[in-house]
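Inspection log for the structure reproduced underneath, given as structure tokens.
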Amino acid sequence: MASELPPPNTPPQSLPASWYCSTPLYEAERRAIFSQRWLQITHENRFVNAGDFVSYEMAGYPFFIIKLRNGELKAFHNVCRHRAFPVVTEKEGKERKILSCKYHGWSYALNGSLAKAPRFQTLPGFKPEKYSLFPVHLHIDRCGFVWINLDASEVPSVSWEDQCGAVDTQERLGLFDMKQYKYDHSWGFDAEYNWKTMVDNYNECYHCPVAHRGIAATTDLANYAVTTQAGFIAHFARPKPEFATANNSNVAPTYLFPSSAVTVNTVYLYLTRCVPVTATSVRMEYEVYRHGSCSDEEFAEMDAFMKQVEEEDRVLCTLVQRNLNVGVYRSGPLHPHDEVGVAYVKELVKRAVVSHVEREKEEGREIWPAAVKGSGQELVGEEAFCKSLCSGLGDGLSW
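My numbering applies: residue 1107 is where the sequence shown begins, and numbers increase by one.
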């Protein structure tokens, strides 16, 4: 039998094109990665007053983050416990006193406890404490970045420390006082590419001399480098001497597995979220924070520069994805230095998905870590019936 191993001294290969197009593979990623890994979402500076909330979605899971009266941040699935309508329908809200579902009027306190259920509260045996909002694990790191984990277990199967415990101790991040950055605005766009297409693009600057003229003109790309660490990739870049200023000499871009990134300099704190929508589409979302000491001119210049780069990357990723979808291209070589970040992401994704699917095979079922375990015994038979139909094991509807 011919060996499946690559010849010695050959460069690593990218993930196969099928991993960027397959719906079953994407669903496996939802189960293996987005349902149980820590996802960097926002910064605590976005939440100023009690009752401030922002709603988000990641890989089809809607949730929101809210500031309590004691200053604590909490996250909840954005689903009413009555009939599954979203608890909040706005993108964000300020100083809310209570959260009211606009379907049947169920209302929740800021801490997620059920405050009112019209006409249910007089029913014998109805227990409001059983119908609090479904909580989402939340962690704030040393730099103030807010992470969530959708794992429904009381303790997530992957701890934040195990996934990326060193990310907030980077020496270069210690150069910035994060409390000085104030939330300014958010923006984004829908795009037709797989989330990994964007992540691959982000984690190499091999394409920068050709595709990003602004970066190539101002950045010392000969010394551009990345370092891979547990759960993140640190990017290191310096401006060319003739373009060096106090504002751009220190810049710290960091990729955060699976699909987030942060960039900080003395003007700007910039958060990137690549939100998977389908196997071949995403929603790109950006949060922009402004340093209190920067001028309007400095901020506008940096903002325009970043948006230009994002537009260039949108075009690149869209055209790459079109060819990935066709079925001609299978895989390509990765440069052992210039694309080390791409190779690292490949291994993180492959390891997570393969190990999870192997566990599913052992147990003979799909494992959805974000699914809240039900307590209603009356539903067991109905759910089993549906599952048998969906898996093709039942006899179907014979009447």
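The beta-carbon is built from N, C-alpha and C at its ideal position, and this holds for glycine as well.
Q.
Rounding to the nearest angstrom, what Cα-Cα distance links glutamate 1267 and histidine 1245 in this structure?
A. Mapped onto the sequence shown, residue 1267 falls at position 161. Mapped onto the sequence shown, residue 1245 falls at position 139. CA-to-CA, the gap between glutamate 1267 and histidine 1245 works out to about 10 Å.
Q) In its own chain, which residues sit with a C-beta less than 8 Å from the C-beta of arginine 1420, not counting the 5 before and 5 after it? A) Here residue 1420 refers to the residue found at position 314 when the sequence shown is read from its first residue. Phe1295, Ala1297 and Met1390.
Q) Quick one: is lysine 1452 buried, meaning 16 or more other Cβ sit within 10 Å of its Cβ, or exposed? A) Numbered from 1 along the sequence shown, position 346 holds the residue referred to as residue 1452. The residue is buried, with at least 16 neighbouring Cβ atoms inside 10 Å.
Q | Inter-residue Cα distance where the pair is glutamate 1418 and methionine 1412 | A | Counting from 1 along the sequence shown, the entry for residue 1418 is found at position 312. Counting from 1 along the sequence shown, the entry for residue 1412 is found at position 306. Between the alpha carbons of glutamate 1418 and methionine 1412 lies a distance of about 10 Å.
Q) Hey, out of Tyr1312, Pro1234, Ala1165 and Ser1265, whose CA is closest to aspartate 1247's CA? A) To locate residue 1247, count along the sequence shown from 1; it is residue 141. Taking only the C-alpha atoms, the option nearest aspartate 1247 is Ser1265.
Q) If you drop the 5 nearest sequence neighbours on each side, which residues of the same chain put their C-beta closer than 7 Å to that of proline 1122? A) Translated into positions along the sequence shown, residue 1122 becomes position 16. Excluding residues within five positions, the ones whose Cβ falls inside 7 Å are Arg1436 and Ser1437.
**Q.** Residue of Arg1344, Val1357, Val1383 and Thr1334 minimising C-alpha distance to alanine 1363
**A.** On the sequence shown, residue 1363 is found 257 positions in, with the first residue counted as 1. Checking the sequence shown, residue 1363 turns out to be phenylalanine, not alanine. Checking every option, the nearest Cα to that of phenylalanine 1363 belongs to Thr1334.
Q) On the three-pair Cβ rule with 8 Å, is the segment 1388 to 1404 touching the segment 1334 to 1343? A) Because the criterion of three Cβ pairs below 8 Å is not met, the segment 1388 to 1404 and the segment 1334 to 1343 do not touch.
Q: Check the DSSP bridge columns for tyrosine 1289 and list the partner residues they point to.
A: By 1-based counting over the sequence shown, the position of residue 1289 is 183. Residue pairing by DSSP puts tyrosine 1289 in a beta bridge opposite Tyr1395.
**Q.** Backbone CA spacing between valine 1185 and proline 1192 [nearest angstrom]
**A.** Position 79 of the sequence shown, counted from the first residue, corresponds to residue 1185. Position 86 of the sequence shown, counted from the first residue, corresponds to residue 1192. Straight-line Cα distance between these residues: approximately 5 Å.
**Q.** Short Cβ contact (8 Å threshold) for leucine 1145 with arginine 1187
**A.** Looking up residue 1145 in the sequence shown gives position 39. Looking up residue 1187 in the sequence shown gives position 81. No, Cβ-Cβ distance for leucine 1145 and arginine 1187 is not below 8 Å.
Q) If you draw a straight line from the C-alpha of serine 1494 to the C-alpha of alanine 1476, how long is it? A) For the purposes of this step, residue 1494 is taken as the residue at position 388 of the sequence shown. For the purposes of this step, residue 1476 is taken as the residue at position 370 of the sequence shown. Roughly 21 Å between the two C-alpha positions.
Q. Around the C-beta of asparagine 1429, are 16 or more other C-beta atoms found within 10 angstroms, so that it is buried, or is it exposed?
A. Counting from one through the sequence shown, the residue named residue 1429 turns up at place 323. Around the beta carbon of asparagine 1429, fewer than 16 other beta carbons sit within 10 angstroms, so the residue counts as exposed.
Q. Okay, do the segment 1304 to 1316 and the segment 1445 to 1463 touch, 3+ Cβ pairs below 8 Å being the bar?
A. Contact between the segment 1304 to 1316 and the segment 1445 to 1463 is present, with at least three C-beta pairs closer than 8 Å.
Q.
So, under 8 Å CB-CB, tyrosine 1361 and tyrosine 1287 are touching, yes? Tell me the CB distance rounded to an integer number of Å.
A. Counting from one through the sequence shown, the residue named residue 1361 turns up at place 255. Counting from one through the sequence shown, the residue named residue 1287 turns up at place 181. Contact doesn't hold; Cβ gap of about 20 Å is too wide.
Q.
Relative to the C-alpha of glutamate 1464, which candidate in Tyr1376, Ala1134 and Ser1124 has its C-alpha closest?
A. Your numbering for residue 1464 matches position 358 in the sequence shown. Nearest to glutamate 1464 by C-alpha distance, out of Tyr1376, Ala1134 and Ser1124, is Ala1134.
Q) What is the DSSP secondary structure of glycine 1500, counted as helix, strand or coil? A) Your numbering for residue 1500 matches position 394 in the sequence shown. Model confidence at glycine 1500 stands at a pLDDT of 44, short of 50, so the residue's coordinates are unreliable; what they give is reported in the following sentence. Residue state, collapsed to three classes: coil.
Q. Nearest-angstrom Cα distance between isoleucine 1254 and aspartate 1158?
A. Within the sequence shown, numbered from 1, the residue matching residue 1254 stands at position 148. Within the sequence shown, numbered from 1, the residue matching residue 1158 stands at position 52. Using only the alpha carbons, I get a separation of about 17 Å.
Q) Quick one, are the C-beta atoms of valine 1415 and tyrosine 1299 less than 8 Å apart? A) The count along the sequence shown starts at 1 and reaches residue 1415 at position 309. The count along the sequence shown starts at 1 and reaches residue 1299 at position 193. The answer is no: Cβ separation not under 8 Å.
Q. For phenylalanine 1282, which residues from the same chain have a beta carbon less than 6 Å from its beta carbon, with the 5 sequence-adjacent residues on both sides left out?
A. The residue given as residue 1282 occupies position 176 in the sequence shown. Excluding sequence positions up to five before and after phenylalanine 1282, its CB lies within less than 6 Å of the CB of Val1370, all in the same chain and listed in chain order.
Q. Would you call serine 1259 buried or exposed, if buried means 16 or more other Cβ atoms sit within 10 Å of its Cβ?
A. On the sequence shown, position 153 is the one that residue 1259 refers to. Under this definition serine 1259 is an exposed residue.
Q | arginine 1379, enclosing alpha helix (DSSP H) - first and last residue | A | In the sequence shown, residue 1379 corresponds to position 273, counting from 1. Premise fails: arginine 1379 lies in the beta strand (DSSP E), 1374 to 1384, not in any alpha helix (DSSP H).
Q. Can you tell me whether isoleucine 1204 is buried or exposed, with buried defined as 16 or more other CB within 10 angstroms of its CB?
A. Looking up residue 1204 in the sequence shown gives position 98. Under the 10 Å beta carbon count, isoleucine 1204 is surrounded by fewer than 16 other beta carbons and is classified as exposed.
Q | Option nearest threonine 1384 by Cα separation, candidates Cys1207, Trp1301 and Lys1180 | A | Sequence index remark: in the sequence shown, residue 1384 carries index 278 (1-based). Of all alpha-carbon atoms in Cys1207, Trp1301 and Lys1180, the one lying nearest the alpha-carbon of threonine 1384 is that of Trp1301.
Q | Rounded C-alpha distance that separates tyrosine 1289 from tyrosine 1132 | A | Sequence index remark: in the sequence shown, residue 1289 carries index 183 (1-based). Sequence index remark: in the sequence shown, residue 1132 carries index 26 (1-based). Per the coordinates, the alpha-carbon of tyrosine 1289 lies some 32 Å from the alpha-carbon of tyrosine 1132.
**Q.** Pair within 8 Å by beta-carbon distance, phenylalanine 1153 and tyrosine 1162
**A.** On the sequence shown, position 47 is the one that residue 1153 refers to. On the sequence shown, position 56 is the one that residue 1162 refers to. Contact: no.
Q: Check proline 1192 in the structure and name its three-state DSSP category.
A: Numbered from its first residue, the sequence shown carries residue 1192 at position 86. Proline 1192 falls in the coil class under three-state DSSP.
(Q) If you reduce the DSSP assignment to three classes, tell me which class proline 1130 lands in. (A) Position 24 of the sequence shown, counting from 1, holds the residue named residue 1130. Proline 1130 falls in the helix class under three-state DSSP.
**Q.** Helix, strand or coil at arginine 1389 [DSSP, three-state]
**A.** Walking along the sequence shown from the start, residue 1389 turns up at place 283. Arginine 1389 falls in the strand class under three-state DSSP.
Q) Roughly how many whole angstroms lie between the Cα atoms of glycine 1320 and lysine 1346? A) Position 214 of the sequence shown, counted from the first residue, corresponds to residue 1320. Position 240 of the sequence shown, counted from the first residue, corresponds to residue 1346. Between glycine 1320 and lysine 1346, the C-alpha separation is close to 12 Å.
Q: Return the first residue and the last residue of the alpha helix (DSSP H) that isoleucine 1321 is part of.
A: In the sequence shown, the residue the question calls residue 1321 occupies position 215. Under the DSSP assignment, isoleucine 1321 falls in the alpha helix (DSSP H) whose first and last residues are 1319 to 1324.
Q. Using the rule of at least 16 other Cβ atoms within 10 Å of the residue's Cβ for burial, across every protein chain shown, is aspartate 1257 buried or exposed?
A. The residue given as residue 1257 occupies position 151 in the sequence shown. Of the residues assessed, aspartate 1257 falls on the buried side of the cut-off, its CB having 16 or more other CB atoms within 10 angstroms.
Q: Kindly list the residues whose CB is nearer than 7 Å to the CB of glutamate 1472, restricted to its own chain and excluding five residues on each side of it in sequence; keep chain order.
A: Translated into the one-based positions of the sequence shown, residue 1472 becomes position 366. Arg1137 and Glu1466.
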